[in-house]
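A.B. asks: Dumping the structure here so I can ask a few things about it.
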Amino acid sequence: MEIALEISGGFAAIPKLSMPMTIETDKIDVHLADELKSLLEQTSFFDQPESVGTTKPGSADLMTYIVTVRDGGRVHTIRITDPITDPSLQLLIDRIQAIGRLKRP
Amino acid sequence: MRHLHAHGGGGCTCFIIPPHMLEKIAENGTADQREKARQALSIDRTFRAQRVAQPLQAPDRIQGAGALHKNRRTYTANHGTGLPGTLVRSEGQGASGDVAVDEAYDGLGATFDLYAQVYGRNSIDDNGMDLIATVHYGNKYNNAFWNGAQMVFGDGDGTIFNRFTIAIDVEGHELTHGVTGATAALEYHDQPGALNESVSDCFGSLVKQRSLGQTAAQADWLIGAGLLAAGIHGVALRSMKAPGTAYDDPLLGKDPQPDHMSKYVNTASDNGGVHINSGIPNKAFYLTAVAIGGNSWDGAGKIWYKTLLDSRLTKTAQFLDFANLTVDNANSLFGAAVRDKVIKAWHDVGIDVAPVLSWQYNKAVLSTFTSPHQTNAWAYIQDNGWRKVQTLTPDGVHNMFTLLTESQSSGAKVHVYVDAALIYQAYSA
Numbered sequence: 001m002e003i004a005l006e007i008s009g010g011f012a013a014i015p016k017l018s019m020p021m022t023i024e025t026d027k028i029d030v031h032l033a034d035e036l037k038s039l040l041e042q043t044s045f046f047d048q049p050e051s052v053g054t055t056k057p058g059s060a061d062l063m064t065y066i067v068t069v070r071d072g073g074r075v076h077t078i079r080i081t082d083p084i085t086d087p088s089l090q091l092l093i094d095r096i097q098a099i100g101r102l103k104r105p
Numbered sequence: 001m002r003h004l005h006a007h008g009g010g011g012c013t014c015f016i017i018p019p020h021m022l023e024k025i026a027e028n029g030t031a032d033q034r035e036k037a038r039q040a041l042s043i044d045r046t047f048r049a050q051r052v053a054q055p056l057q058a059p060d061r062i063q064g065a066g067a068l069h070k071n072r073r074t075y076t077a078n079h080g081t082g083l084p085g086t087l088v089r090s091e092g093q094g095a096s097g098d099v100a101v102d103e104a105y106d107g108l109g110a111t112f113d114l115y116a117q118v119y120g121r122n123s124i125d126d127n128g129m130d131l132i133a134t135v136h137y138g139n140k141y142n143n144a145f146w147n148g149a150q151m152v153f154g155d156g157d158g159t160i161f162n163r164f165t166i167a168i169d170v171e172g173h174e175l176t177h178g179v180t181g182a183t184a185a186l187e188y189h190d191q192p193g194a195l196n197e198s199v200s201d202c203f204g205s206l207v208k209q210r211s212l213g214q215t216a217a218q219a220d221w222l223i224g225a226g227l228l229a230a231g232i233h234g235v236a237l238r239s240m241k242a243p244g245t246a247y248d249d250p251l252l253g254k255d256p257q258p259d260h261m262s263k264y265v266n267t268a269s270d271n272g273g274v275h276i277n278s279g280i281p282n283k284a285f286y287l288t289a290v291a292i293g294g295n296s297w298d299g300a301g302k303i304w305y306k307t308l309l310d311s312r313l314t315k316t317a318q319f320l321d322f323a324n325l326t327v328d329n330a331n332s333l334f335g336a337a338v339r340d341k342v343i344k345a346w347h348d349v350g351i352d353v354a355p356v357l358s359w360q361y362n363k364a365v366l367s368t369f370t371s372p373h374q375t376n377a378w379a380y381i382q383d384n385g386w387r388k389v390q391t392l393t394p395d396g397v398h399n400m401f402t403l404l405t406e407s408q409s410s411g412a413k414v415h416v417y418v419d420a421a422l423i424y425q426a427y428s429a
């Protein structure tokens, strides 16, 4: 399974921090891989709409997380914009970032 | 009273409407003159039409309804994402001991005070709206945002970012998004989005400068100073004085902000680079503020604030549209000398505003100069500086130059119709 995350926007909007990070679950610690797979199941990731979150008029500096998961023949991309109201989706984003950052230089 | 037409001939006493004179140039001038006159006419007609269409929205309105109402409420999200969270500190209460709560409270206060005391604005909506902030949002959350109704601040991960309340200009930045939403409502993408971001940086910086009692020359013009964690090579997130120089770090890369239109970044990310290309109008604001001198909130700040409230500013305004309005508002607030500083500031970031014509009344002619056969002539007009005599015939140059030199030697005042470079008409006062 391959999990990719790209971040757009935010007050800082530093391009290098926004660049896509990709996690290949068979190349990371098995416990971390199981944790991510479990979170994807909890969020019913492949059933999520392409766009999650509604922004109020005039909002600014919001971060948008673009998550793509490839699993066998399935590929699904969702765009989630802050503030995230679903705690399991928030945890998924937090853990992808934390685990993705572990393998960064 | 005697006046001389720019297009030559002797004196007459008819009343000349400025656009009429422009139309003459548009018909009869050289190619360059015709183009300039057409641009000016087009702008003039647009402005006139808009003024007629929107008579109730006075662009210089500065005071809203009701008494000033300052009511801050600072909440904690307790590292969750529910908003607004748990109330910690309300208006008038003493320090809570939670540094993020207290920084947010103080930052909101300084921002409210700038808008109220300098611009006469009664909170975000100019109608006493409560100022709501939530801190400790999320888990090591690396961001601060305006959700359309309140401010939200993360604690940062401690590795790249410190807490987002650490810099008072960040509070000013986020609250100003609320002000922009309640006024110009600049769309959050591409150039209007970069203007939206820039306006937040401008007033965020003014909040900081005013709280520190710094003049334009003394200020550091940094956005987010102290926000980058120890060990990161950088001084802040953005520099209005020198966009592109705020950080250069192995982890973050280099500050991508351009300081000139020639370096405008075309990108799909970040809503079309709204936090990147804001460097261009940011620098124009900085250049304006230092050129005017003194406290930035009194000079450049008033021009930009009036522009934000200007009914001619559309939601989809481009940099040039915004620049044109700042020039017009600088002229109406402070006169031609300050207007010319604004024109130069935009020119220096690669944005050339359309010629702005205005009558300058009762000005002294301080110096004059002409080429040997009087085919070209210049005059130094009080409060304006050097302007070239702009006419269509050699007679016109001669006649206007004669009036100007006579006025110079006698000390008589003149009325002149000028833009940033040229004199189109002159009358003896």
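Those sequence lines, one after another, are chains A and V. Just so we're aligned, residue 1 is where the first sequence starts under this note's numbering, counting upward by one. Just so we're aligned, residue 1 is where the second sequence starts under this note's numbering, counting upward by one. The beta carbon of each residue, even a glycine, is placed where N, CA and C say it ideally should be.
Starting from the beta carbon of V/V170, find every residue of chain A whose beta carbon is closer than 8 angstroms, and list them in chain order.
C.D. replies: F11
A.B. asks: Name, in chain order, the residues that DSSP records as bridge partners for V/T74.
C.D. replies: V/R89, V/A133
A.B. asks: Got a sec? Which residues, its chain only, sit under 7 angstroms from V/V327 by beta carbon, not counting five neighbours each side?
C.D. replies: R339, V342, I343, V353, V356
A.B. asks: Quick check on A/P20 - is its C-beta less than 8 angstroms from some C-beta in chain V?
C.D. replies: no
A.B. asks: Give the range of the beta strand (DSSP E) segment to which A/D71 is assigned.
C.D. replies: It spans 63-71 - the beta strand (DSSP E) in which A/D71 sits, taken as one unbroken run.
A.B. asks: Of all the residues that make up the segment 235-258 of chain V, which are near chain A by a beta-carbon distance shorter than 7 angstroms?
C.D. replies: Within the segment 235-258 of chain V, the residues whose Cβ lies closer than 7 angstroms to some Cβ of chain A are L237, L252, G253, P256, listed in chain order.
A.B. asks: Tell me whether the beta-carbon of V/V397 lies closer than 8 angstroms to the beta-carbon of V/A379.
C.D. replies: no
A.B. asks: For V/Y188, does the three-state DSSP call read helix, strand or coil?
C.D. replies: The three-state reading of DSSP puts V/Y188 in coil, since its state is none of H, G, I, E or B.
A.B. asks: In terms of alpha-carbon separation, which member of V/K306, V/L252, V/K315, V/T314 lies closest to V/S332?
C.D. replies: Looking only at V/K306, V/L252, V/K315, V/T314, the smallest Cα-Cα distance to V/S332 is reached by V/K306.
A.B. asks: Would a check of beta-carbon distances place V/G148 closer than 8 angstroms to chain A?
C.D. replies: yes
A.B. asks: So, with DSSP's three-state summary, where would you put V/S311?
C.D. replies: coil
A.B. asks: Along the segment 38-60 of chain A, where does the CB come closer than 9 angstroms to a CB of chain V? Name the residues.
C.D. replies: T55, K56, P57, G58, S59, A60
A.B. asks: What is the DSSP secondary structure of V/H7, counted as helix, strand or coil?
C.D. replies: Reliability fails at V/H7, whose pLDDT of 38 lies under 50, so the model's placement of it is uncertain and the value that follows must be treated cautiously. V/H7: coil per DSSP, three-state reduction.
A.B. asks: Spell out the partners DSSP gives V/S211 in its beta bridges.
C.D. replies: The partner list for V/S211 (beta bridge, DSSP) is empty, contrary to what the question assumes.
A.B. asks: Relative to the C-alpha of V/A429, which candidate in V/V416, V/A421, V/I423 has its C-alpha closest?
C.D. replies: With distances taken between Cα atoms, V/A429 lies closest to V/V416.
A.B. asks: Does the beta-carbon distance from V/V414 to V/L404 come in below 8 angstroms?
C.D. replies: yes
A.B. asks: Counting along the chain, where does the alpha helix (DSSP H) carrying V/A291 start and finish?
C.D. replies: 279-292
A.B. asks: Pick out the complete beta strand (DSSP E) segments inside the segment 354-395 of chain V, 3 residues or longer, and give them in chain order.
C.D. replies: For the segment 354-395 of chain V, whole beta strand (DSSP E) runs of length 3 or above, ordered along the chain, are 358-363, 365-370, 377-381, 385-389.
A.B. asks: Quick one: give me the first and last residue of the alpha helix (DSSP H) that V/H415 is part of.
C.D. replies: In the DSSP assignment, V/H415 falls outside any alpha helix (DSSP H) and within the unbroken beta strand (DSSP E) covering 414-418.
A.B. asks: Whose C-beta lies closer than 6 angstroms to the C-beta of V/L68 among residues of the same chain, with five residues either side of it excluded?
C.D. replies: A116, N122
A.B. asks: Please report the distance separating the alpha-carbon of A/P87 from that of A/Q42.
C.D. replies: 10 angstroms
A.B. asks: So with CB distances below 8 angstroms, who are the chain V contacts of A/S8?
C.D. replies: S269, D270, N271
A.B. asks: Among V/S296, V/G82, V/L251, V/T316, which has the Cα closest to the Cα of V/S211?
C.D. replies: V/S296
A.B. asks: Going straight from the alpha carbon of V/S407 to that of A/G10, what length do you get?
C.D. replies: Using only the alpha carbons, I get a separation of about 59 angstroms.
A.B. asks: Mapping DSSP to helix, strand and coil, what is V/G299?
C.D. replies: Taken through DSSP and simplified to helix, strand or coil, V/G299 comes out as coil.
A.B. asks: If you pair each beta-carbon of the segment 133-153 of chain V with each one of the segment 71-84 of chain A, do three or more pairs fall below 8 angstroms?
C.D. replies: Yes: the two stretches touch, three or more of their Cβ pairs being nearer than 8 angstroms.
A.B. asks: Whose C-alpha, out of V/G97, V/L237, V/T368, is nearest the C-alpha of V/Q382?
C.D. replies: That would be V/T368, whose Cα lies nearest to the Cα of V/Q382.
A.B. asks: So which residues on chain A does V/Y188 lean against when the C-beta distance must stay under 7 angstroms?
C.D. replies: A60
A.B. asks: From the DSSP output, which residues share a beta bridge with V/K254?
C.D. replies: V/D248
A.B. asks: Report yes or no: do three or more beta-carbon pairs, one from the segment 191-210 of chain V and one from the segment 275-293 of chain V, lie closer than 8 angstroms?
C.D. replies: yes
A.B. asks: Which value, in whole angstroms, describes the spacing of the CA atoms of A/E24 and V/N127?
C.D. replies: Looking at the backbone, the Cα of A/E24 and that of V/N127 are separated by about 53 angstroms.
A.B. asks: With a cut-off of 8 angstroms on the beta carbons, I'd call V/A100 and V/F153 a contact; round off their distance for me.
C.D. replies: 7 angstroms
A.B. asks: What does the alpha-carbon distance come out to for the pair V/N282 and V/M400?
C.D. replies: Just so you know, the alpha carbons of V/N282 and V/M400 end up roughly 40 angstroms apart.
A.B. asks: So, using beta-carbon positions, are V/N253 and A/P15 closer together than 8 angstroms?
C.D. replies: Correcting the residue identity first, residue 253 of chain V is Gly in this sequence and not Asn. Yes, these two residues count as a Cβ contact at 8 angstroms.
A.B. asks: Which whole-angstrom value is the C-beta distance of V/V135 and V/T76, which I expect to be below 8 angstroms?
C.D. replies: 6 angstroms
A.B. asks: Mind checking if A/L32 is an interface residue toward chain V, Cβ cutoff 8 angstroms exclusive?
C.D. replies: no
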